[in-house]
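Note that numbering that gives the first Met the number 0 has the sequence shown beginning at 0, numbered continuously upward.
Even for Gly, the Cβ is constructed at its ideal location relative to N, Cα and C.
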Amino acid sequence: MDVENTENQPTLAIDSSTERVDNKESAEKPVESIETNEEIEKAGNNEFEYLERNEFTSEIYKIEVKNLGYFGIGEFKKLLKATLKLDITKIKSPTRKEFAFVCFRTQADQQRALETLNGYKWKGKVLKAMAAKASADPLHKRRGEELAGETPPKRQRTAKEATCPLAELPYEKQLEQKTEEMSALLKKYTQELRRLSAAAKPHLDKFQFKGVLASPAVDGYRNKNEFSIGKNAEGEIVVGFRLGSYSDGSVEVADVQQLPHLPAQAKWAALSFQQLVRQSKFQPFNPVGNLGHFRQLMVRTSSATGELMLVAGIYSSNLSESEQIELQQELKNFYDQPEQNELHKCSSLYYQDVKHREAGQMINPVTHLSGSTHITDTIQGLQFRISPLAFFQINTAGANVLYQQAIDLAAPTADTTMLDICCGTGTIALAFAKHCKQVFGVEIVADAIKDAEYNAEANKITNCKFFAGNADDYIKSMVREALYEQEPGKPGDLIAVVDPPRAGLHNRSIAAIRSASAIKRLVYVSCNPNSAKRNFIELSRPESKHWKGQPFYPKTAVAVDMFPHTTHTELVILFEREAKTSTDAGAAATEAAKEAAVAIESEEPATTTT
């Protein structure tokens, strides 16, 4: 294996004599408008100081709802939003408790919820609702306990312990450990399914786990890294990784130069940006008091082209418009310097406005500053354009292995239509395209769909259609269109591939997949199998009023080590439905196509064709 040499990483000299020339507008404004380090350190001296800031926090308008009995967060959220039409911002529920906290944006919303929920009958229980106190700031609370001797100070983890805890193990041992852990997880899943479904038992007896496949790249494999900007234990400004969470009472940031899973380009980018921040009048962000400006740095790299994209995350709530323009110009000027391009040229530079998002806002907006608007990488011999916020597999070499396993398990033919649910920039869809008749992909991030369309055209792939929107809104439409286009009397072959975010698929998407009887095989790609286990159960449990459609049973599973040196593993499972022996497949397919033709006339999906 290739082992990255971290002994001689490039270091950047900090030129203390460098002076930034202010523009006229900023020169006329008092320097006090930019917070000093001393002011930041003094910010917030009590556990509830955050409530006094001139910004929204969901803790201000919070209620406690008691006597809920056993409940699921999903069904409780449905009660509040869909049934009672309450405008909530957050639900917080301690595990295995019969109460929950609900937060609102305004006092009027809070008051209406109290009036509605107090005495409301739900699931045989009479609910009690009352105003709740705001939670104490966890950082201040922990520090206060430590000062009072109530809680012993925690030993701070190192950056290596926090981000790649298996790095000290030989790689073969890492794979052994992950194989054992994945086997244990799959055993829990199958045991739970055996209790739920007697019909599943013969299928589970034949279910095979093929183990964990090694990553071709073990060191320096991460093509996307998000660094925090703050201070280390010595009070020095550092661009690196946070050693703990704010809720655990930690804001310390550690250097990343010795971490084995980061490529040299990413390490250089952290050092380079660190130099910029240290010489700037703008301060690093401090979550204590929400002061400062430089908050994070996202670095994306391409192993195929060597391109480097930087996205500077700036907390702008305390910046004027002219100061934001000044900071953007400072970023451009810094990376235009010849000395910054000697080692690794910044191919693409973005500014991201990172602050509290407004209601309904899913992402923080980005502004292109200089260079290319995208970078390009290669998987399965295909070129992919990557925009700043689009999903792309973190380990490019590992993705080649992962996608080949998905293709091998799905076993598509020239008659196959493949549905790529949560398709991102189209990487899986386009990898399948040459093996299939046609491919449909759906993704909620509109910019990712634009990249998918571009990627299809750039790779001269013409049998793909992409949809921008929620997966559960489009699954039925995609199935109908697939059936409409298949030959009359021919069974056809419809496969779904899902590669959802870490939390897994929403249960509405699972219900839509199960209800689509034409889907006979499903390949589930999970980057967080512990969270996805809930989806596995939902796919496989017996048919019921809530879970309509024949269940999918697991047939084969294989894991790919996409994240060497960490405890994470990517899992791929092939699910199949039990074939109905009493129905003629050809006649059923013809009838399904007729139904699809009728349905598609009244519900034509908005598609983008490439």
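Short of 7 Å from the beta carbon of Ile362, and not among the five residues preceding or following it, lie these beta carbons of its own chain, in chain order: Leu388. Just measuring C-alpha positions, the residue of Asn285, Thr377, Ser543, Ala556 sitting nearest Asn317 is Asn285.
Counting only runs of 3 or more residues that sit fully inside the region 425 to 486, the beta strand (DSSP E) segments are 437 to 442, 463 to 467, in chain order. For Arg299, same chain residues with a beta-carbon under 7 Å away, outside a window of 5 residues either side, are Asn222, Lys223, Met308, Ile374, Ile385 in chain order. For Met417, the secondary structure class from DSSP, reduced to helix, strand or coil, is strand.
Short of 6 Å from the beta carbon of Leu418, and not among the five residues preceding or following it, lie these beta carbons of its own chain, in chain order: Phe439, Met477, Ala495.
Within the DSSP bridge table, the entry for Gln173 names no partner. In the displayed model, Tyr552 falls within a strand according to three-state DSSP. For Thr115, there is no enclosing beta strand (DSSP E); the enclosing alpha helix (DSSP H) covers residues 106 to 116. Looking at the backbone, the Cα of Ile90 and that of Phe333 are separated by about 43 Å. In this structure, Val237 places its C-beta atom within 7 Å of the C-beta atom of Asn231. Distance from the Cα of Gly210 is smallest, within the candidate group Ile572, Glu577, Arg576, Ala578, for Ile572. Taking C-beta atoms under 8 Å as the contact rule, Ile509 and Ala470 fail to qualify, at a distance of about 10 Å. Distances from the CA of His434 to each of Glu325, Asn454, Gln403, Pro500 were compared; the closest alpha carbon is that of Gln403.
Annotation: the continuous alpha helix (DSSP H) that includes Tyr334 extends over 320 to 335. In this structure, DSSP gives Pro283 an extended state, which the three-state scheme calls strand. Counted as a single uninterrupted DSSP element, the beta strand (DSSP E) harbouring Ala99 occupies residues 99 to 103. Of all alpha-carbon atoms in Phe551, Ala430, Leu85, the one lying nearest the alpha-carbon of Gln379 is that of Ala430. When the alpha-carbon of Phe391 is set against those of Pro499, Arg277, Arg294, Ser315, the nearest one is in Pro499.
Asp472 sits away from Ala213, with the two beta carbons spaced by 7 Å or more. In this structure, Gln273 is the residue among Ala405, Glu180, Gln273, Thr178 with its C-alpha nearest to the C-alpha of Glu235. Less than 7 Å separates the beta-carbon of Leu368 from that of Leu348. Annotation for Thr366: the continuous beta strand (DSSP E) segment containing it runs 365 to 370.
CA-to-CA, the gap between Gln328 and Asp335 works out to about 10 Å.
In the DSSP annotation of this structure, the continuous segment of the beta strand (DSSP E) that includes Phe574 starts and ends at 569 to 576. Short of 6 Å from the beta carbon of Ala481, and not among the five residues preceding or following it, lie these beta carbons of its own chain, in chain order: Thr416, Leu493. Between Leu242 and Ala161, the CB-CB gap stays under 7 Å.
Shortest Cα-Cα distance from Glu225 to any of Ala166, Lys172, Ala311, Leu275 involves Ala311. When the beta-carbon positions are compared, Ala409 and Val522 come within less than 7 Å of each other.
In the DSSP annotation of this structure, the continuous segment of the alpha helix (DSSP H) that includes Tyr402 starts and ends at 395 to 409. In this structure, Cys422 is the residue among Cys422, Glu456, Gln173, Asn454 with its C-alpha nearest to the C-alpha of Ile443.
Cβ neighbours of Asp352 within its own chain (closer than 6 Å, five residues either side excluded): Ser315, Asn363, Pro364.
Counting of Cβ neighbours within 10 angstroms places Glu233 among the exposed residues, the total staying below 16.
Per DSSP, reduced to three states, the secondary structure at Met181 is helical. Counting along the chain, no alpha helix (DSSP H) covers Lys519; the unbroken beta strand (DSSP E) around it starts and ends at 518 to 525. About 5 Å separates the beta carbons of Ala128 and Leu113, which is inside the 8 Å limit, making them a contact pair.
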